[in-house]
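Input: a single structure, listed below in structure tokens.
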Amino acid sequence: MAVMTSSARPLLNHSLAEFGTTIFAEMSALAQRTGSVNLGQGFPDTDGPEAIREAAVRALREGRGNQYPPGPGVPELRAAVAAHQERFYGLSYDPDHEVLVTAGATEAIAAALLALVEPGDEVIALEPYYDSYAACVAMAGGTRVPVTLRPAEGRYVLDLDELRAAVTPRTRLLLLNTPHNPTGTVLTRAELTAVAELACERDLLVITDEVYEHLVFDGAEHIPLASLPGMRERTVTIGSAGKTYSFTGWKVGWVTAAPALVAAVRSAKQFLTYVASGPFQNAVAEALRLPDAYFEAFRAEHQAKRDLLSDGLAAAGFGVFRPAGTYFVTTDVRPLGERDGVAFCRSLPERCGVVAIPNAVFYDHRDEGAPFVRFAFCKRTEVLEDAVGRLKALAD
119 MAVMTSSARP LLNHSLAEFG TTIFAEMSAL AQRTGSVNLG QGFPDTDGPE AIREAAVRAL
179 REGRGNQYPP GPGVPELRAA VAAHQERFYG LSYDPDHEVL VTAGATEAIA AALLALVEPG
239 DEVIALEPYY DSYAACVAMA GGTRVPVTLR PAEGRYVLDL DELRAAVTPR TRLLLLNTPH
299 NPTGTVLTRA ELTAVAELAC ERDLLVITDE VYEHLVFDGA EHIPLASLPG MRERTVTIGS
359 AGKTYSFTGW KVGWVTAAPA LVAAVRSAKQ FLTYVASGPF QNAVAEALRL PDAYFEAFRA
419 EHQAKRDLLS DGLAAAGFGV FRPAGTYFVT TDVRPLGERD GVAFCRSLPE RCGVVAIPNA
479 VFYDHRDEGA PFVRFAFCKR TEVLEDAVGR LKALAD
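Heads up: take any position in the sequence shown, counting from 1, add 118, and you land on the working numbering.
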């Protein structure tokens, strides 16, 4: 029974009533209790480059960031973010007025939505979506409108007609994620061009979550939406060090956008964490300047892990959507004679000692995601090999 106050009023704000304990907490606890290989939550089981760890230690010892850093972020990191956007995408940003450092991408998403969404505004998000999107839209008082990515010819595809039909006079912004978690799809230039044309035509803002920008495979290209005609002035681009450098605990993210948009996001962000991760900001500034060889090796390493796990899942009997990006593989459990991904994931640890995440939790339309299950491959090769060996029990 829910805890009530003396006036019988629920304690939890009604806008958050639908959000309970996350599936990640449930599945991680299940992994610990059963001694299973945890391929559920998406965090690496090894640290990033030693030189960048040492840069953080050096910053601590030198007293750089041990006290409150500047509200927008340390100047060295803001300059490094701007240089990164120019280096990889030809996008020019002013470090002083068009870059904002945040406590990871999750805070960037929250601050952007709190700043830009009024109560009653509609926010279109691509379903399935990262679980914080729904909660942040709710906290902002907005109404989420899902547009569903659906499987077609081995990848998840955006139905552009459905996207256009979802836009109403109440639509304030589009919330995109590419490379996309959990499906692993990377939106194509044609898809993004259509999104850009729609945003310009209907005068929409766009928030793009691009934290997996350096994890694209098989020659796929990550194209920042802000690089397309008409989009730089209406796009809030979100990046993060956690996924690219395997330091998820440092919680260093950033926003790049036109000055008015950055100022708006900063107005909300300053009342969330205020500032965070001072010494780590200095280290991430060095990480962003790593040579191309780092990014190429990082991508190749994860592509090999993707292939190892994808092949093992296929051999175990799953339908496999080999991702073009991120570090997640989405699978279909129907070839195994299953229909309910949630029930399947809850039984999987006892059946073969592996934990995964049911994709249904990333959908408003739960039936759309019911048969799909996500596995993370950002783990050591020997861990993935162990998991693949355990999963063979499903094929017996």
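The C-beta atom is built at its ideal place from N, Cα and C for all residues, glycine as well. The model shown is predicted, which means the values in this text are computed figures rather than measured ones.
Around the Cβ of residue i, are there at least 16 other Cβ atoms within 10 angstroms (buried) or fewer (exposed)?
i      : result
Asn156 : buried
Val334 : buried
Gln399 : buried
Ser364 : buried
Met119 : Low confidence applies here, because Met119 scores a pLDDT of 44, under 50, leaving its location unreliable; read the following figure in that light. Met119 comes out exposed.
Pro352 : The residue you asked about is not Pro; residue 352 is Arg in the sequence shown. So Arg352 counts as buried.
Pro287 : exposed
Phe469 : It should be pointed out that residue 469 corresponds to Arg in this sequence rather than to Phe. Burial call: exposed.
Asp327 : buried
Lys423 : buried
Gly307 : Before going further, note that residue 307 is Arg rather than Gly in the sequence given. Arg307 is exposed by the Cβ-count criterion.
Glu204 : exposed
Lys510 : exposed
Phe389 : exposed
Arg498 : exposed
Val241 : buried
Phe513 : Sequence inspection shows Ala at residue 513; the Phe mentioned does not correspond to that position. Per the 10 Å Cβ criterion, exposed.
Leu316 : buried
Ser465 : exposed
Ser154 : buried
Mind checking if residue i is an interface residue toward chain C, Cβ cutoff 8 Å exclusive?
i      : result
Val402 : Absence of chain C from the displayed structure is noted, only one protein chain being present.
Determine which residues share a DSSP beta bridge with residue i and list them.
i      : result
Val506 : None; Val506 has no bridge partner.
Ile242 : Val263 and Leu292
Ile356 : Asp327 and Val373
Ile475 : Arg492
Thr220 : Gly371
Val275 : Arg268
When you compare each of the options to residue i by their alpha carbons, which one comes out closest?
i      : options                           : result
Pro397 : Val255, Pro213, Arg171 and Arg440 : Arg171
Ala394 : Ala226, Leu509 and Thr140         : Ala226
Ala478 : Phe142, His420 and Leu130         : Phe142
Thr224 : Val199, Tyr248, Arg179 and His132 : Tyr248
Thr449 : Asp214, Ala317 and Val438         : Val438
Cys254 : Ile341, Asp485, Ala386 and Arg273 : Ala386
Ala381 : Asp214, Ala461, Gln150 and Gln185 : Asp214
Asp485 : Asp277, Glu280 and Arg268         : Arg268
Phe436 : Val451, Arg196 and Gly443         : Val451
Pro73  : Val275, Leu292 and Glu271         : No answer is possible for residue 73: the residues shown for the chain start at 119 and end at 514.
Ala515 : Leu244, Pro441 and Leu291         : In the structure displayed, the chain extends from 119 to 514; residue 515 sits before or after that span and is not available.
Val192 : Gly507, Ala135 and Ala401         : Ala401
Cys496 : Leu278, Asn131, Ala418 and Leu244 : Ala418
Ser210 : Leu232, Leu294, Arg262 and Ala344 : Ala344
Is residue i near the ligand MG, judged by its Cβ being under 7 Å from some heavy atom?
i      : result
Arg352 : The model depicted lacks the ligand MG and carries no ligand whatsoever.
> Can you list the alpha helix (DSSP H) stretches of 4 or more residues lying completely in the stretch 401 to 454, in chain order?
Replying inline: Within the stretch 401 to 454, the runs of alpha helix (DSSP H) that reach at least 4 residues and sit entirely inside it are, in chain order, 410 to 434.
>> Between the stretch 472 to 486 and the stretch 331 to 347, can you find at least three pairs of beta-carbon atoms closer than 8 Å?
In response: Contact fails: fewer than three Cβ-Cβ distances are below 8 Å.
> Can you list, in chain order, the stretches of the alpha helix (DSSP H) that have 4 or more residues and sit fully within the stretch 285 to 346?
Replying inline: 307 to 320
> Per the contact definition of three or more C-beta pairs closer than 8 Å, is the stretch 367 to 387 in contact with the stretch 217 to 231?
Replying inline: Enough Cβ pairs lie closer than 8 Å, so yes.
>> In chain order, what are the residue ranges of uninterrupted alpha helix (DSSP H) at least 4 long that sit wholly in the stretch 149 to 203?
In response: At a cut-off of 4 residues, the continuous stretches assigned as alpha helix (DSSP H) that sit fully inside the stretch 149 to 203 are 168 to 179.
> Taking three-plus beta-carbon pairs below 8 Å as touching, is the stretch 400 to 408 in contact with the stretch 163 to 170?
Replying inline: yes
>> Taking contact to mean 3 or more Cβ pairs, one atom from each stretch, closer than 8 Å, check whether the stretch 282 to 300 and the stretch 317 to 331 are in contact.
In response: yes
>> Can you confirm whether the stretch 190 to 206 touches the stretch 256 to 273 when touching is taken to mean that 3 or more C-beta pairs between the two stretches lie within less than 8 Å?
In response: no
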